[in-house]
Amino acid sequence: MYFKRVLHNILIYKKELILNIIFSMLYAFFSALAFLSLMPMLEVLFNGSPKINIKPNYENYDSTGTFLEDWLNFQVSSFSGNDTENAILFVVGTVIILFFLKNLTNYFSLFFSTLIRNSVIKDIKEKVFDKIIVLPLKYFSENKKGDLIARMSSDVLEVQTSYLSIVEIFIRDPLTIVFTLGTMFIISFKLTLFVLFFIPISGLVISFIGKSLKKKSLIVQREQAELMSITEEVINGIKVIKTFLSENFFKSKFRKSNSKFLRFSNKLVNRQNIASPLSEFLGILVIGVLLWYGGKLVLIDMELKPAAFITYMGLAYGVLTPAKSISKAFYSLKKGNAAAERVFEIIDLDSEFKNDIDKEEINEFTDKIEFNKVSFSYEKNKVLKNLSFELNKGEVVAIVGLSGSGKSTLVNLIPKFYSYGEGEILIDGKNINNLSIKDIRKLISIVSQESILFNSSIKENILLDKLDSNNSVLEESSIAANAFDFIHENNEGFEYNVGDNGVNLSGGQKQRIAIARAIASKCPILILDEATSALDSKSEKLVQDALDRIMKEKTSIVIAHRLSTIKNADKILVLDDGEIIESGSHSELLNLNGIYSNLIKLQSIS
7 MYFKRVLHNI
17 LIYKKELILN
27 IIFSMLYAFF
37 SALAFLSLMP
47 MLEVLFNGSP
57 KINIKPNYEN
67 YDSTGTFLED
77 WLNFQVSSFS
87 GNDTENAILF
97 VVGTVIILFF
107 LKNLTNYFSL
117 FFSTLIRNSV
127 IKDIKEKVFD
137 KIIVLPLKYF
147 SENKKGDLIA
157 RMSSDVLEVQ
167 TSYLSIVEIF
177 IRDPLTIVFT
187 LGTMFIISFK
197 LTLFVLFFIP
207 ISGLVISFIG
217 KSLKKKSLIV
227 QREQAELMSI
237 TEEVINGIKV
247 IKTFLSENFF
257 KSKFRKSNSK
267 FLRFSNKLVN
277 RQNIASPLSE
287 FLGILVIGVL
297 LWYGGKLVLI
307 DMELKPAAFI
317 TYMGLAYGVL
327 TPAKSISKAF
337 YSLKKGNAAA
347 ERVFEIIDLD
357 SEFKNDIDKE
367 EINEFTDKIE
377 FNKVSFSYEK
387 NKVLKNLSFE
397 LNKGEVVAIV
407 GLSGSGKSTL
417 VNLIPKFYSY
427 GEGEILIDGK
437 NINNLSIKDI
447 RKLISIVSQE
457 SILFNSSIKE
467 NILLDKLDSN
477 NSVLEESSIA
487 ANAFDFIHEN
497 NEGFEYNVGD
507 NGVNLSGGQK
517 QRIAIARAIA
527 SKCPILILDE
537 ATSALDSKSE
547 KLVQDALDRI
557 MKEKTSIVIA
567 HRLSTIKNAD
577 KILVLDDGEI
587 IESGSHSELL
597 NLNGIYSNLI
607 KLQSIS
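Yeah, the sequence shown ends on 612 if you go by our numbering, and it's all consecutive.
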């Protein structure tokens, strides 16, 4: 099934495929002809038959073998006359030319198959990446990042090695076998029928061994993904590992997985290793039977000339190499199925934009956001319960509560990172379930506690896909985010590369770049998810000043760890165990003397 899908990708490159087939046919033709050219040398030069000086005439199919033999002898006789040296030069020259043409056509055949193979693997990589980037956020929280990376890298590479590398074999080698068998039929119909009797038996033996390869390959691919997941976790958490001296624990964890990978790999490779010697042994077995039956036709029945039999044996042995390649290719096909299954499993996943077609449009935010009895469950755990509140345009709503109370989950519902189960969320009176995800996200910018920066320039990190924006947007957003000065402390300015996840910047600088990104997006709705909680006092002040500046122009939802930063919010929602238990302004909530008041007192004591 998966090979058919890869084949569909191959058929896109019709021009290259046609040229590959043409050169493969020429290669197969010249391979058979190169062996056939030896027959006149054996017949004429060594007096196996008299020289023929009269051009033979073709009579019917039954006399094809005799006609071809006489025609070749006639050509040599015509060229050499009675000069044996000329005859040798003619035959040797013919053989050299034929082998040159065989190898030349082989090169062009490989040239076009390489173009096809590399182009198809490029297309598959792009399909996998394109799907990964549009998967719902839920997928990434439920699956290991290392497994995704493994599918994108090692599994795609396995598809290239096991599937695409055998495309040339499945095109060229069957043609070689067909041309060679055709020539063998011409020389001896009876002997070739005898050969064909043994080929299905060999195929059944090879097929029996190959059946278990897919299952074993799938286990190996999964274990390799587990290895990559462990490595990715260690790299991400290296500081924690070093802090708690957990190096030996993770070494043991990696080695345990690596040992399983080794064990499964050895089983798989040993099974694969059977392919080559088995197919060669079966081929030699066929050659042995041929020697017995062919010798009988030459020496006893006198139905076949010695020179024709020697040529026939050369052709029969020449069939072994492509036959062996095809048998190994079937092993690769079984192995490739496992990797292809994991690759196409990603490609076949639904995009989060799948249901965006024919959705109601929303191009601007003019009124308010409403939560009306909204509930959300993660698996069987109810995280949000019956939430109702409003956020008018231009207002600032703060959300506070203890860890695990559902604050981040609440704000993740607005841009449709997750789908809620009950109630409704309205933007300007429109249910977000009836709106396009892309339209909604065009209205929202987010600054989170962890500033995600990409390994590229400051300019790219601020503008992202809006790189064609003029410099004034870049400068205005960086000034508003209190980032302009530190950006230009470096001679490269906006072209300065921030490194992997912003490693070349401090925490406060990374956060201000993230704020500049939110400003440059010009979205009317701003979500701040504990944007200052991980900063020192000096950095926090610079970041908070920038946030206060942009919140004046936007409708803002703020999750705050430090409650001192939300005193001026128009409304504060206090969450506990997924429910809104208090709501009001800072002063109103203090007067309630409830959870919010207690949180303020606790932070004041701190």
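Note that the Cβ used here is the ideal one computed from N, Cα and C, for glycine as well.
To the nearest angstrom, how far is it from the Cα of residue i to the Cα of residue j?
| i | j | result |
| --- | --- | --- |
| S562 | V549 | 16 Å |
| R194 | G188 | A small fix is needed here, since residue 194 is Ser in this sequence, not Arg. Their Cα atoms are separated by approximately 10 Å. |
| F118 | L25 | 7 Å |
| A537 | N264 | 40 Å |
| I306 | I192 | 21 Å |
| G54 | T317 | Confidence is the limiting factor: at G54 the pLDDT is only 47, short of 50, which leaves the residue's position unreliable, though a coordinate-based value still follows. Cα to Cα, the separation comes out at about 13 Å. |
| E428 | D582 | 19 Å |
| K196 | L303 | 9 Å |
| N503 | Y8 | 41 Å |
| L458 | N378 | This sequence places Ile at residue 458; Leu is not what is there. When rounded, the distance between both Cα atoms is 32 Å. |
| F41 | A313 | 12 Å |
| L110 | K259 | 52 Å |
| L288 | E358 | 53 Å |
| T182 | V134 | 36 Å |
| I464 | L284 | 60 Å |
| T198 | L296 | 9 Å |
| H592 | I420 | 24 Å |
| I525 | V564 | 16 Å |
| K151 | V509 | 20 Å |
Is residue i near residue j, with beta carbons less than 7 Å apart?
| i | j | result |
| --- | --- | --- |
| F185 | A322 | no |
| L393 | I586 | yes |
| L579 | I606 | no |
| D434 | D356 | no |
| I175 | S30 | no |
| L441 | K365 | yes |
| Y426 | F460 | no |
| K144 | S37 | no |
| I431 | L397 | no |
| K137 | I293 | no |
Find the nearest neighbour of residue i within the set the options, judged by alpha-carbon distance.
| i | options | result |
| --- | --- | --- |
| R157 | E367, I183, V504, R228 | R228 |
| G600 | E588, A313, K448 | E588 |
| F395 | I16, E232, D576 | D576 |
| K544 | R518, T237, I368, V349 | R518 |
| N467 | V12, A520, N488 | A520 |
| I130 | I172, S271, L23, E164 | E164 |
| S483 | R555, V417, N439, T415 | R555 |
| I155 | K137, K144, F203, A231 | A231 |
| S527 | L534, H567, V479 | V479 |
| G584 | K262, L104, I405, N477 | I405 |
| L390 | F371, G412, V403, V402 | G412 |
| G400 | K386, I533, L13, N476 | I533 |
| N112 | D136, V140, I572, L32 | L32 |
| T415 | N439, N272, Y384 | Y384 |
With burial defined as no fewer than 16 other Cβ atoms inside 10 Å of the residue's Cβ, what is the status of residue i: buried or exposed?
| i | result |
| --- | --- |
| M234 | buried |
| L153 | It should be pointed out that residue 153 corresponds to Asp in this sequence rather than to Leu. Per the 10 Å Cβ criterion, buried. |
| K444 | exposed |
| R523 | buried |
| M308 | exposed |
| E546 | buried |
| R269 | exposed |
| L17 | exposed |
| N369 | exposed |
| S203 | The sequence shown places Phe at residue 203, not Ser. Exposed, since its Cβ has fewer than 16 Cβ neighbours within 10 Å. |
| G99 | exposed |
I'd like the span of the alpha helix (DSSP H) that includes residue i, first residue to last.
| i | result |
| --- | --- |
| G513 | 513-526 |
| F191 | 173-193 |
| V453 | From DSSP, V453 is part of no alpha helix (DSSP H) but of the beta strand (DSSP E) over 450-454. |
| D161 | Neither: D161 is in no alpha helix (DSSP H) and is coded neither H nor E. |
| F9 | 8-16 |
| I1 | The first residue shown for the chain is 7 and the last is 612, placing residue 1 beyond what the model contains. |
| S338 | 312-353 |
| F395 | No alpha helix (DSSP H) holds F395; the beta strand (DSSP E) holding it covers 387-398. |
| V417 | 413-419 |
| I24 | 20-42 |
| Y145 | 143-148 |
| L469 | 464-469 |
For the ligand SAM, any of its heavy atoms closer than 6 Å to the Cβ of residue i?
| i | result |
| --- | --- |
| L154 | For the structure depicted, the ligand SAM is absent and the ligand set is empty, with no information on it obtainable. |
At which residues does the beta strand (DSSP E) containing residue i begin and terminate?
| i | result |
| --- | --- |
| D582 | 577-582 |
| E585 | 585-590 |
| D307 | Here D307 belongs to no beta strand (DSSP E), and DSSP marks it neither H nor E. |
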